[in-house]
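Visitor: Structure in structure tokens, see below.
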Amino acid sequence: MTRLLSMQALFRETPVNIPAELEVKLTPEEDRLCTLLDECKRDLGSRGTNVECRIAGGWVRDKLLGSQSDDIDIALANMMGVAFAEEFVSFLSSKDIPVRSIHKIERNPEQSKHLETAHTKVLGFEVDFVNLRSEEYTGDSRIPTEIKLGTPLEDALRRDVTFNALFYNVHTRAVEDFTEKGLDDLRNGILRTPLPPKETFMDDPLRVLRCIRFASRYGFKLSEEVEEAAKDPQIQAAIISKISKERVGVEFEKMMSGRDPVQSMRLMTSLGLQTAVFALPLAISSTLSQEVSSKSLGLAACVILRSILSSPSTLELPVPHPLLLSQLSVDPGLRQRLFFAAALSSYRDIKYKTPKGETRPAVEAIIREALKRGQQNHFSDGIPAFFAAAEILRHPTIDNAPGENERSEIGLLLRNKCSHNKHSGSHWSSSLLFSLVQELTSLWNPETETFDAEAGANIVETYNKLTRRIEELGLPESIDEKPLLNGKEIISALGASKSGPWLGSVLTSMEAWQLDHPGASREDCEAWLIGQKDAGHIIVSSSSSSSKPTKKEKEADGPSSKKAKLA
Numbered sequence: 001m002t003r004l005l006s007m008q009a010l011f012r013e014t015p016v017n018i019p020a021e022l023e024v025k026l027t028p029e030e031d032r033l034c035t036l037l038d039e040c041k042r043d044l045g046s047r048g049t050n051v052e053c054r055i056a057g058g059w060v061r062d063k064l065l066g067s068q069s070d071d072i073d074i075a076l077a078n079m080m081g082v083a084f085a086e087e088f089v090s091f092l093s094s095k096d097i098p099v100r101s102i103h104k105i106e107r108n109p110e111q112s113k114h115l116e117t118a119h120t121k122v123l124g125f126e127v128d129f130v131n132l133r134s135e136e137y138t139g140d141s142r143i144p145t146e147i148k149l150g151t152p153l154e155d156a157l158r159r160d161v162t163f164n165a166l167f168y169n170v171h172t173r174a175v176e177d178f179t180e181k182g183l184d185d186l187r188n189g190i191l192r193t194p195l196p197p198k199e200t201f202m203d204d205p206l207r208v209l210r211c212i213r214f215a216s217r218y219g220f221k222l223s224e225e226v227e228e229a230a231k232d233p234q235i236q237a238a239i240i241s242k243i244s245k246e247r248v249g250v251e252f253e254k255m256m257s258g259r260d261p262v263q264s265m266r267l268m269t270s271l272g273l274q275t276a277v278f279a280l281p282l283a284i285s286s287t288l289s290q291e292v293s294s295k296s297l298g299l300a301a302c303v304i305l306r307s308i309l310s311s312p313s314t315l316e317l318p319v320p321h322p323l324l325l326s327q328l329s330v331d332p333g334l335r336q337r338l339f340f341a342a343a344l345s346s347y348r349d350i351k352y353k354t355p356k357g358e359t360r361p362a363v364e365a366i367i368r369e370a371l372k373r374g375q376q377n378h379f380s381d382g383i384p385a386f387f388a389a390a391e392i393l394r395h396p397t398i399d400n401a402p403g404e405n406e407r408s409e410i411g412l413l414l415r416n417k418c419s420h421n422k423h424s425g426s427h428w429s430s431s432l433l434f435s436l437v438q439e440l441t442s443l444w445n446p447e448t449e450t451f452d453a454e455a456g457a458n459i460v461e462t463y464n465k466l467t468r469r470i471e472e473l474g475l476p477e478s479i480d481e482k483p484l485l486n487g488k489e490i491i492s493a494l495g496a497s498k499s500g501p502w503l504g505s506v507l508t509s510m511e512a513w514q515l516d517h518p519g520a521s522r523e524d525c526e527a528w529l530i531g532q533k534d535a536g537h538i539i540v541s542s543s544s545s546s547s548k549p550t551k552k553e554k555e556a557d558g559p560s561s562k563k564a565k566l567a
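Residue numbering for the sequence shown is 1 to 567, as defined by full-length UniProt numbering.
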């Protein structure tokens with residue numbers, strides 16, 4: 001009997017533990033820093049300069065939640081950041097307190113850096129100094145028309161969410177909530193904007209994505225007003241037109257590395273934000289091979305991936321073979337890369353055409369053009385490889401009576417450059433894992449929002465059976481084996497004068513033979529090659545001797561080759 005599970009039951013907020021008493025407990029180092037800031041303020045006051053220092057934003061939020069942060073933003077009333085930082089460094093030097101020289105970060109409106117900032121390191125803290133701000137925006141630009149020294153209230157109202165608008169006054173040692181909502185929202189797990197959300201989002205549309213990221217990070221609920229504003233077509237259009245792709249990509253990357261990538265994808269999907277986040281330039285989008293059939297497919301893939309990585313499985317699936325999960329403890333960026341790839345599953349069957357007419361996967365364009373992610377953590381090379389590997393690894397079968405070439409047949413699939421390539425961060429085990437996720441995602445019914453758990457269990461067992469067979473055959477130790485003979489040695493063994501197209505096919509045949517003969521020596525391999533030539537299975541064509549060597553021939557040629565790169 002088919003067992004269907006409702007995916008909706010798996011979508012849940014899991015709030016972080018909120019302390020019963022929201023208070024800032026300073027470490028001795030933090031207490032000393034606050035004392036020094038207060039003393040510096042008094043010193044300046046004695047010379048006729050009135051200034052107030054407040055710690056702003058994330059540090060306050062994290063301390064109230066019982067977390068530690070070494071990044072501290074000092075918001076200054078009545079003084080610019082660089083001017084105060086210079087005075088503070090001079091003050092510390094007079095007390096023989098080590099402090100790093102000031103690094104001045106210039107305004108860069110195009111990158112949404114509208115305030116001049118001073119940065120230094122003191123007492124082990126990375127400290128930024130910036131003045132309280134009051135900004136005015138207009139039109140379709142994220143560049144403010146006017147920036148001036150602001151009051152604490154004006155600054156708080158211009159921040160993204162209420163609990164990020166809290167200040168810690170270093171002079172009074174008190175938390176200040178100028179919006180009068182931040183502490184209550186933090187206590188109740190509500191994500192709300194200081195101003196009406198449409199105004200906040202139009203000032204900086206990236207705040208929509210920041211709201212999603214913070215809601216996922218802390219397991220908080222978005223207020224109804226925030227949800228409605230995030231769905232507004234004008235706001236979503238502004239995400240595309242006003243915000244650089246790099247900033248969008250950074251936020252999405254943080255979502256996928258965060259505490260709950262599934263919740264991030266659930267919110268993106270329910271708010272209809274995928275089109276804005278994954279927006280491609282017209283030159284690419286106009287060539288797409290098809291429309292996205294179901295935008296919930298990426299969410300389903302993330303749910304399935306989380307279920308596989310969880311113990312016990314939230315989808316009632318069998319436990320995956322340990323080898324399938326082995327790279328997660330070795331590659332610190334793999335979890336993020338897997339969720340990033342899973343989130344793009346709605347685009348897995350879509351292609352686009354390059355200006356030269358070449359057909360390429362849409363996933364590749366989204367990573368490179370919509371999110372502006374490069375090869376950091378192997379986003380632009382490793383994620384397309386996941387999808388390519390899933391194409392060749394899907395529907396694995398294990399024969400009850402395996403043939404004599406079973407080891408090479410499986411081994412060549414695992415050694416395919418899409419499945420296993422250190423240069424793109426690909427490993428055969430994680431490629432199999434992602435292929436499993438993609439097959440399970442095909443069991444998701446977007447119309448009924450259900451998952452066929454019985455069929456899913458059978459698929460997991462099939463992959464587990466394959467992985468056990470891989471282990472029994474000793475293939476994990478053979479995937480990275482160098483070829484017994486390089487190109488020059490093959491040419492010599494076969495009595496050829498030069499390489500040619502024939503050498504590529506010989507290398508592939510030798511690769512398979514070596515997999516089927518674990519423990520064979522160089523001499524064994526050479527004897528096999530000669531036997532193949534004598535039997536007429538290898539033909540060294542003299543007419544091809546002048547041809548240029550193929551890439552594979554070059555890679556295998558010469559004793560300096562560190563590792564055979566196998567296609």
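Beta carbons: idealized from backbone N, C-alpha and C, even for Gly.
1) According to DSSP, simplified to helix, strand and coil, what is E29?
2) Taking the alpha-carbon positions, what's the L297 to T200 distance?
3) Is any heavy atom in the ligand MG found nearer than 6 Å to the beta carbon of R407?
4) Compute the beta-carbon to beta-carbon distance between L503 and L529, rounded to the nearest angstrom, for a pair I have assumed lies under 8 Å.
5) For L4, name the three-state secondary structure that DSSP assigns.
6) Ordered along the chain, which non-local residues of its own chain (more than five positions away) have a Cβ less than 7 Å from that of V226?
7) Say whether the segment 313-330 touches the segment 457-476, bearing in mind that this needs 3 or more beta-carbon pairs closer than 8 Å, one atom from each stretch.
8) So, with DSSP's three-state summary, where would you put residue 569?
9) Quick check: the Cα distance between R142 and S430, rounded to an integer number of angstroms?
10) Rounded to whole angstroms, what is the Cα-Cα separation between E439 and G58?
11) Have a look at R247 and L92 and give me their C-alpha separation to the nearest angstrom.
12) Below 8 Å, can you find three or more Cβ-Cβ pairs linking the segment 275-284 to the segment 238-252?
13) Which term fits G45, buried or exposed, when burial requires 16 or more other beta carbons within 10 angstroms of its beta carbon?
14) If we call anything under 7 Å between Cβ atoms a contact, is H171 one with D38?
15) Does DSSP put L280 in a helix, a strand or coil?
16) Just checking my contact of V51 with F84 at CB under 8 Å: how many whole Å lie between their CB atoms?
17) Of the residues D516, M510, G519, which one's Cα is nearest the Cα of K533?
18) Tell me which residue opens and which closes the alpha helix (DSSP H) that residue 603 is part of.
19) Give me the DSSP bridge partner(s) of T117.
20) Is S546 helix, strand or coil by DSSP?
21) State the CB to CB distance for the pair P15 and G189, rounded to an integer number of angstroms; the pair is presumed to be in contact (CB under 8 Å).
22) Taking the alpha helix (DSSP H) that R210 falls in, what are its first and last residues?
23) Ends of the beta strand (DSSP E) at D73?
24) In chain order, what are the residue ranges of uninterrupted alpha helix (DSSP H) at least 4 long that sit wholly in the segment 402-477?
25) Where do the N-terminal and C-terminal ends of the beta strand (DSSP E) with I479 fall, by residue?
26) Looking at the structure shown, is residue 574 part of a helix, part of a strand, or coil, going by DSSP?
27) To the nearest angstrom, how far is the alpha carbon of L338 from that of G81?
28) Since D128 sits in a beta bridge, which residues does DSSP pair it with?
29) Compute the Euclidean distance between the alpha carbons of A496 and R407, then round it to the nearest angstrom.
30) If you drop the 5 nearest sequence neighbours on each side, which residues of the same chain put their C-beta closer than 6 Å to that of S216?
31) I need the boundaries of the alpha helix (DSSP H) containing A56, first residue and last residue.
32) Excluding sequence positions up to five away, which residues of its chain have a Cβ less than 6 Å from the Cβ of T162?
33) Can you check which of these residues, Q376, S478, L436, L473, is closest to V460 by C-alpha distance?
34) Please report the residue range of the beta strand (DSSP E) in which K353 lies.
35) If the criterion is Cβ atoms closer than 7 Å, does the pair G333 and N377 meet it?
36) When DSSP builds the beta bridges, which residues end up paired with Y168?
Guide: So, from the data block:
1) helix
2) 30 Å
3) Because no ligand of any kind appears in the structure shown, any question about the ligand MG cannot be addressed here.
4) For a cut-off of 8 Å, the C-beta gap from L503 to L529 is around 11 Å, too long to register as a contact.
5) Of the three classes helix, strand and coil, the one that applies to L4 here is strand, per DSSP.
6) So the list reads L191, R192, T193, P197, C211, once near-sequence residues are dropped.
7) yes
8) In this structure the chain extends from 1 to 567, so residue 569 is not present and cannot be described.
9) With a pLDDT of only 49 at R142, under the threshold of 50, the placement of this residue in the model should not be trusted, and no figure is reported.
10) 40 Å
11) 36 Å
12) yes
13) exposed
14) yes
15) coil
16) 6 Å
17) When each option's Cα is compared against that of K533, the closest is M510.
18) No answer is possible for residue 603: it lies beyond the span of the chain, which begins at 1 and ends at 567.
19) I105
20) Residue confidence for S546 is low, a pLDDT of 42 falling below 50, so the modelled location carries little weight; the figure read from the coordinates is stated next. S546 carries a coil assignment under DSSP once its states are collapsed to helix, strand and coil.
21) 5 Å
22) Judged by DSSP secondary structure, R210 falls within the alpha helix (DSSP H) whose first and last residues are 206-218.
23) 71-77
24) The alpha helix (DSSP H) runs of length 4 or more contained entirely in the segment 402-477 are, from start to end of the chain, 406-415, 428-441, 453-472.
25) Taken as a continuous stretch (DSSP letters only), I479 belongs to no beta strand (DSSP E), as it is neither H nor E.
26) Nothing about residue 574 can be read from this structure; the chain reaches only from 1 to 567.
27) 41 Å
28) Per the DSSP secondary-structure output, D128 pairs in a beta bridge with D73, H119.
29) 30 Å
30) G258, D260, Q263, S264
31) Careful: A56 lies outside any alpha helix (DSSP H), inside the beta strand (DSSP E) at 52-56.
32) Within the same chain, T162 has close Cβ partners T179, K181, G182, D185, R192, P194.
33) L436
34) 351-353
35) Between G333 and N377, the gap from beta carbon to beta carbon is short of 7 Å.
36) DSSP lists I55, V175 as the beta-bridge partner residues of Y168.
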